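The sequence shown begins at 1 in UniProt numbering and counts up one residue at a time.
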Amino acid sequence: MAEVAKPVYTTAYKPHPSERMKAATWTGTKSITLTSVPKPTITAPADAIVHITHCTICGSDLHMYNGDMNNAMEKGLIMGHEAIGIVEDVGPDVKSLSLGDRVIILPVIACGDCFYCKKKEYSLCDKTNPSRQLEQMYGHRLSGIFGYSLITGGYPGDQAEWCRVPNADLTCVKAPKDIEASKLVGLADVTPTAWHGNELAEVGEGDVVGVWGCGAVGLSIQRLAKLRGASKVYVIDKDEHRLDIAKSMGMIPINVKDHSDPADYILSIEPHGLDRGIEASGFRSTNSTAHATMRALGVEGDSSDTVSAAIKATRKGGNVALIGDFFYNTNNFPIGMLMEKGITLRGGQLYAQKYFPLLLDLVVEGKYDPSFMFTHHDKFENISKNYEAFFSHKTPGVLKVCLSTAFGREQSGGSV
C-alpha cells in the first residue's frame, strides 16, 4: 500500500469570506438538497474558478442518491461532474485559460505528470486522490473525480453556481461561444465515456458490435460505433422507448423481455458472434433470479449477468469492454468461458483529456451531435426534484436533463 504516501492535490476549496452560492449537496439517502454554501476561491496556484452556466445529472450520480455508496459519503458534499461555464478567475500557474473563456469541465482530475498521465491514462492518475479506502479496495488509488464521493477524493462537484477547478489547464477544455450549450454539456462526460468504451473494445471498420444498455452512455456508444465504421450494432435493453430510440438511429434492438437469453439470440443470428461486446448498463442489471437474489441478500455487490452475456455473445478472440459502473465483487463469473474463448476483457473510467480536441472537433464540424441525449431541460434551481424524477423514472421518456443556472439563462437571453 505504498501509494498512500504519494502527494495529492488539496481536495477542499478555500471558501470566500462573504460570498455564497447555491449548490446541490448530498444530505442522505435519496436526499439531494439545494443549499447555500460559501463560494470557492483560488486554493492552489493551478486553479480556475468557473461560473457555471449549465450542468446535468449523471446516471452514476444515482448510486450516491440511492445510498449505494453511503460508506463513502459525507453530508454536505457538493454533487456533480458534468458542467460547462465561464472562467471567472485563475491562479498564477494557469497558462492556457483567460478570464471570460467558455469551458467544458472534464470530470477527471489528473496531475499530468505521473506515470499514468504521461501515458494519457488520466483516470489512473497517481496523485489526485487521497482515498485510503479506494486503495484498500483495489490495491491502488485512481484519479480524483468531481462530486463523486470520498473514494474519488471528495472534491466538491460542479452542480453548483461556481466550481473550483484544480489543474485547470488540463481539466478545462476551451469551447467556442457559438456552440449550443447542450452539445458542450454532452461532451463533458457522456461522449468521452462512450468514446472510451469504443476504444477499450477497439471498435473499427466492419465490426459487428453489441451494446448492453440504452441509456445516454449506451446510446452514445452505439452512435459512435457507427461513426467508427461498425457494420452492425445490436443493442440490448428492456426499456421499449429507449430501444425505439436506438432503432431510429439505425441500431438492431433486442428486448430482454422477448429474449431472456440475449446471447443465445445473438448467436442464432450471428453464428460467429460479435466482434466487440460493450457493457454499458452497470452493476444493478440483473437478468437472472440468482443474481437478483444474491444482490438482495447482500452476498454480492455487483451483478455479472450482462457481462456474462457479452462474453458469451462475443466471438472467439473478440473484445469485451466494461464501461457501465462496477465497484465491488460478483459471483458466478464465467472465467472459464473468458479464458477458453481467448477474449480480451477491459474496463475503466474514461481517459477524458486524451480525447480532446478530437471530440470537440467532431461536434464543431457537424459530424457528431451529443445534444440528442437531453430529452429534458430545466432550471438548476429545480435539481432536487430532477434527481427524484430521474431515479424513479416518473418522467416518461427521460434520458437526461440539461440544467441552466441563473447565470446561464442570463447568458442565453433567458431561455432554459
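Don't be surprised by glycine CBs; every beta carbon is placed ideally from N, CA and C.
The structure displayed is predicted, hence computed values, not measured ones.
Original post:
By the 10 Å Cβ neighbour count, where 16 or more other Cβ atoms means buried, how is leucine 99 classified, buried or exposed?
Top reply: exposed
Original post:
Can you list, in chain order, the stretches of the beta strand (DSSP E) that have 3 or more residues and sit fully within the UniProt domain "Alcohol dehydrogenase-like C-terminal" (216-364)?
Top reply: 232-237, 252-255, 274-279, 314-322, 344-347
Subject >> glycine 91 versus tyrosine 65 - alpha carbon distance >> reply: Going from the Cα of glycine 91 to the Cα of tyrosine 65 covers about 33 Å.
**OP:** Name the two residues that bound the continuous alpha helix (DSSP H) containing threonine 171.
**Re:** 168-171
Original post:
DSSP state of glutamate 135, grouped into three classes?
Top reply: In this structure, DSSP gives glutamate 135 a helical state, which the three-state scheme calls helix.
Subject >> alpha helix (DSSP H) segment containing isoleucine 383, residue limits >> reply: 383-392
**OP:** Name the two residues that bound the continuous beta strand (DSSP E) containing histidine 376.
**Re:** Segment 374-379, the beta strand (DSSP E) holding histidine 376.
**OP:** Could you tell me which of Ile42, Lys394, Gly154, His140 sits nearest to asparagine 71, measuring between CA atoms?
**Re:** Gly154
**OP:** Provide the residue(s) that pair with valine 185 in DSSP beta bridges, ordered along the chain.
**Re:** DSSP, once it has assigned bridges, lists no residue as partnering valine 185.
Original post:
Taking Cβ positions, are valine 190 and valine 50 nearer each other than 9 Å?
Top reply: no
Original post:
Straight-line CA distance for valine 108 to isoleucine 42?
Top reply: 19 Å
**OP:** Rounded to whole angstroms, what's the CA-CA distance from histidine 54 to serine 182? Just pull it up for me.
**Re:** Cα to Cα, histidine 54 sits roughly 8 Å from serine 182.
Original post:
Among the residues of its own chain, which have a CB less than 8 Å from the CB of phenylalanine 369, if the five just before and after it don't count?
Top reply: The question names phenylalanine, but residue 369 in the sequence shown is aspartate. Around aspartate 369: Lys183, Val363.
Original post:
Skipping 5 residues on each side, what residues in its chain have a beta carbon closer than 6 Å to that of aspartate 101?
Top reply: Val87, Lys174
Subject >> Closest residue to arginine 315 among Glu19, Ile266, Leu350, Asn331 (Cα-Cα distance) >> reply: Ile266
**OP:** Taking only the alpha-carbon atoms, compute the straight-line gap between aspartate 89 and serine 149 and give it to the nearest angstrom.
**Re:** 26 Å
**OP:** Measure from the alpha carbon of alanine 216 to the alpha carbon of each residue in Arg276, Lys394, Ser415, His376, then state which is nearest.
**Re:** His376
Subject >> Pick from His259, Gln222, Val209, Gly336 that is closest to arginine 276, judged by C-alpha positions >> reply: Val209
Subject >> Short Cβ contact (9 Å threshold) for tyrosine 387 with proline 192 >> reply: no
Subject >> Assigned exposure category for glutamate 279 - 16 Cβ within 10 Å defines buried >> reply: buried
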